[in-house]
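Comments concern the structure below.
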Amino acid sequence: MNKIKFLGTAGARFVVMKQLRASGGIWLTLDDTNVMIDPGPGSLVRCLSSKPKLNPMDLDGIILTHRHIDHSNDINIMIEAMTNGGFKKKGIVFAPRDALEDDPVVLKYARNQVEHIEILKEKCKYHVGNIFFETPIQLKHGVETYGINFRGKTISISLITDTDYFTGLASHFKGDILIVNVVMLEDKSIIEHLCLQEVEQIITENNPRLAILTHFGMGMVKAKPWVIADTLTEKLGVKVIAARDGMQVDIDQYIK
Ligand SMILES: [Zn+2]
């Protein structure tokens, strides 16, 4: 079964620090391949406490969209867990160059435990197992950050991770399902994140079969994301849902 499992929905430092929402990242199962995206603080714990339990040994790869700690904190322990404590060399880790070079978030000894490391770059194509994905454009987020388009056999999924809004952003992420990090309720121009109004604009422009909001900052959490999602669904005529910690989305129902 193809599925997206949210092991966390926290965005921005206060929601993560206080664990008002969990921050374990996203587990994607597509065409019999499993990848973990952005294993933030608590990722391993959330895998193991998930119902049904997710076994990190089943992972074929781990993707970091960028090096910020709420996305990368558990990368090393997830590598260990994926490789049976380093005893079974397997899996691919994908990360931007600045997560690997000076002040790396992926420890050097852990790199030897995986099959290989691939560096994410703009406009490149990658694959792990049966999952093919592209990084169409570098996002605007201070550190090197990429959004992703996953191409499954029957469905495509776009992930717009942390970024400031910029003209043309939506046009790069036209997946059947759109996952978007909506950190802020109101726009704060000094912070390189999307706010609700910008996300609304993106959904309107792309008209996906399903839009999933996640990675909520404090303002969004307080404003009840599920209420916001219902309002958007009604207003835009697009199915919008707000991710909850532990929520599993059955992808196959959105195949045309
Ligand atoms: Zn970030």
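For the sequence shown, counting from 1, position 227 maps to 226 in numbering that gives the first Met the number 0; every step adds exactly one. Think of the CB as a built atom: it goes at the ideal place given N, C-alpha and C, for glycine as much as any other residue.
- Remark: the shortest separation between the CB of HIS67 and any heavy atom of ligand 1 falls under 6 Å.
- With a 10 Å radius around the Cβ and a threshold of 16 neighbouring Cβ atoms, GLN112 comes out buried.
- Counting only the Cα atoms, GLU121 lies some 24 Å from CYS194.
- Pairing ASP163 with HIS192, the inter-Cα distance amounts to about 5 Å.
- The alpha-carbon separation between PHE172 and SER157 amounts to approximately 5 Å.
- With a cutoff of 6 Å, ASP161 counts as near ligand 1, since its C-beta is closer than that to a heavy atom of the ligand.
- When DSSP states are grouped into helix, strand and coil, ASN1 belongs to the coil group.
- Under the three-state reduction of DSSP, ALA242 is assigned to coil, being neither helix nor strand.
- Nearest to ASN75 by alpha-carbon distance, out of PHE86, ILE136, LYS107, is LYS107.
- For the pair VAL14 and ASP59, the CB atoms are not nearer than the 7 Å cut-off.
- When DSSP states are grouped into helix, strand and coil, LEU43 belongs to the helix group.
- Inter-residue distance for ILE178 and ILE159 is about 6 Å (C-alpha atoms, whole angstroms).
- In this structure, THR28 sits near LYS2, with a CB-CB distance shorter than 7 Å.
- A residue is called buried when at least 16 other Cβ atoms come within 10 angstroms of its Cβ; ILE250 meets this threshold and is buried.
- With respect to the 7 Å criterion, GLY24 and LEU6 are classified as neighbours on the basis of their beta carbons.
- The beta strand (DSSP E) runs lying completely inside the stretch 68-138 and spanning 3 residues or more are 91-95, 115-119, 123-127, 130-134, given in chain order.
- One alpha carbon belongs to LEU184, the other to ILE202, and they sit about 16 Å apart.
- Along the length of the stretch 131-211, whole alpha helix (DSSP H) runs at least 4 residues long occupy 195-205, reported in chain order.
- Counting only the Cα atoms, PRO135 lies some 26 Å from MET77.
- Straight-line measurement puts the Cα of ASN205 at about 7 Å from the Cα of SER170.
- Residue burial is scored here from C-beta neighbours: VAL105 has at least 16 other C-beta atoms within 10 angstroms and is therefore classed as buried.
- If you draw a straight line from the Cα of ASP101 to the Cα of ILE91, it is about 21 Å long.
- With 16 or more other CB atoms across the displayed protein chains lying within 10 angstroms of its CB, PRO55 is buried.
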